[in-house]
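Notes follow once the structure below has been shown.
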């Protein structure tokens with residue numbers, strides 16, 4: 120199969136770099152995109168370090184991650200290019216890959232993530248009209264977990280992967296472990312987001328800009344076996360549960376921009392649909408027209424590439440809202456916490472080109488798979504590159520997997536304190552080779568800062584055991600709070 124390539128940058132230097140890199144890659148024939156990311160890893164590492172320092176300060180963590188040093192130790196500051204590839208397989212599936220390149224020759228082009236084997240995009244048949252952002256993917260998180268374990272080994276030696284495993288099984292979203300969320304989101308999924316710009320914006324953090332309310336829906340194709348797998352956990356975590364029009368509605372307390380209810384529906388064809396929203400939205404979700412009938416979407420598809428297979432779509436309204444939000448967030452950053460320059464660099468290097476995209480098309484030609492894009496700019500970043508992370512986050516949000524869901528009450532805040540003690544204690548036991556540690560020891564040896572009680576509870580007698588267990592405290596009014604670890 121002949122290679123079908125697209126060069127995003129036309130100047131001589133970028134063309135030479137493009138030709139040099141693609142000549143080294145052997146991705147079974149189809150190279151879809153190549154773009155320059157020189158300087159982006161440094162900007163992202165600086166920004167992530169500042170964010171982590173602020174989080175560590177607010178959560179009283181005894182350690183902070185320096186992503187700049189991690190990036191340098193991994194050689195990421197020498198990255199100058201990245202790309203995405205789609206390969207048609209003999210069984211009718213498609214394999215999507217993302218690659219990185221070091222131009223100095225010290226390391227060969229490296230496959231970073233494999234998204235798995237996807238059938239062509241079918242969201243136009245499944246998504247209601249009016250969706251602001253549509254994406255389909257079937258992620259494979261094993262390469263991501265392998266990379267995380269490698270970093271943990273580099274930082275903490277042989278105990279690093281053990282600590283990661285403990286986090287996956289014990290750090291909980293409402294009713295779910297992180298491992299369960301990852302496994303759930305490995306289904307082939309169609310995700311879409313719908314903004315509500317006419318509704319009052321939500322102030323979800325005092326020092327952050329207001330966010331427009333939005334709904335997120337993730338449809339897991341052929342996921343019948345997961346329909347009731349975690350129903351008990353969801354019912355336990357939710358503040359209220361009701362059934363209406365074929366949807367099971369779980370109410371959660373949330374101050375964030377996502378609407379505070381989770382709607383779960385089992386489709387006749389076996390698909391499972393998770394969507395955020397309010398009870399009054401149920402009928403509109405069920406009765407909405409299909410995106411294939413949306414005039415704007417159809418105009419982009421038909422006449423441009425009638426045989427096209429859409430990979431991603433975002434509405435102009437979505438682009439305007441998100442762009443405005445990002446600019447406002449940059450404007451409000453405190454120079455003493457997160458560097459405005461770093462935020463601006465991330466925005467210019469990544470988000471702005473991505474947001475200018477309207478629709479991306481993939482079509483089969485005599486020479487193989489060709490790649491087309493249409494929008495306000497001829498340059499941009501292919502969302503295939505970020506889709507593993509994007510869909511993982513969307514699935515987690517749609518379930519919804521916000522720690523803030525439970526932190527909105529006194530009991531939730533105390534649970535967070537117990538979770539922090541449990542995690543820190545497990546790390547202490549691993550690092551020191553002991554079977555248990557009490558809370559005073561964690562404080563005395565600098566693993567944990569003293570925790571302020573939420574409502575008069577006493578943490579001084581708590582003990583964290585190597586084999587796991589339950590931490591228990593009681594408010595002065597008698598309310599019990601516990602955390603399993």
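Numbering (the working numbering), first residue to last: 120 to 604. Cβ coordinates follow ideal geometry from the N, Cα and C atoms, glycine included.
With 16 other Cβ atoms within 10 Å as the buried cut-off, status of residue i
i, result
"residue 312", "buried"
"residue 250", "buried"
"residue 595", "exposed"
"residue 591", "exposed"
"residue 564", "exposed"
"residue 603", "exposed"
"residue 392", "buried"
"residue 354", "exposed"
"residue 597", "exposed"
"residue 536", "buried"
"residue 586", "exposed"
"residue 317", "exposed"
"residue 361", "exposed"
"residue 580", "exposed"
"residue 160", "buried"
"residue 163", "buried"
"residue 539", "buried"
"residue 169", "buried"
"residue 247", "buried"
"residue 338", "buried"
"residue 582", "exposed"
"residue 276", "exposed"
"residue 176", "exposed"
"residue 396", "buried"
"residue 589", "exposed"
"residue 332", "buried"
"residue 544", "buried"
"residue 269", "exposed"
"residue 443", "exposed"
Under the three-state DSSP convention, the category residue i falls into
i, result
"residue 190", "helix"
"residue 298", "helix"
"residue 395", "strand"
"residue 603", "strand"
"residue 443", "helix"
"residue 567", "coil"
"residue 367", "strand"
"residue 319", "coil"
"residue 532", "helix"
"residue 559", "helix"
"residue 250", "coil"
"residue 334", "strand"
"residue 313", "strand"
"residue 584", "strand"
"residue 162", "helix"
"residue 288", "helix"
"residue 357", "coil"
"residue 553", "coil"
"residue 592", "strand"
"residue 380", "strand"
"residue 385", "strand"
"residue 245", "coil"
"residue 340", "coil"
Integer Cβ distance of residue i from residue j, believed to fall under 8 Å
i, j, result
"residue 310", "residue 336", "7 Å"
"residue 584", "residue 554", "7 Å"
"residue 576", "residue 556", "About 19 Å separates the two Cβ atoms, so there is no contact after all."
"residue 570", "residue 282", "Wrong, their Cβ atoms sit about 21 Å apart, outside the cutoff."
"residue 288", "residue 340", "Contact doesn't hold; Cβ gap of about 27 Å is too wide."
"residue 440", "residue 278", "Not confirmed; about 44 Å, so no contact."
Chain B within 8 Å of residue i, Cβ atoms only
i, result
"residue 283", "In the displayed structure, chain B is absent; only one protein chain is listed."
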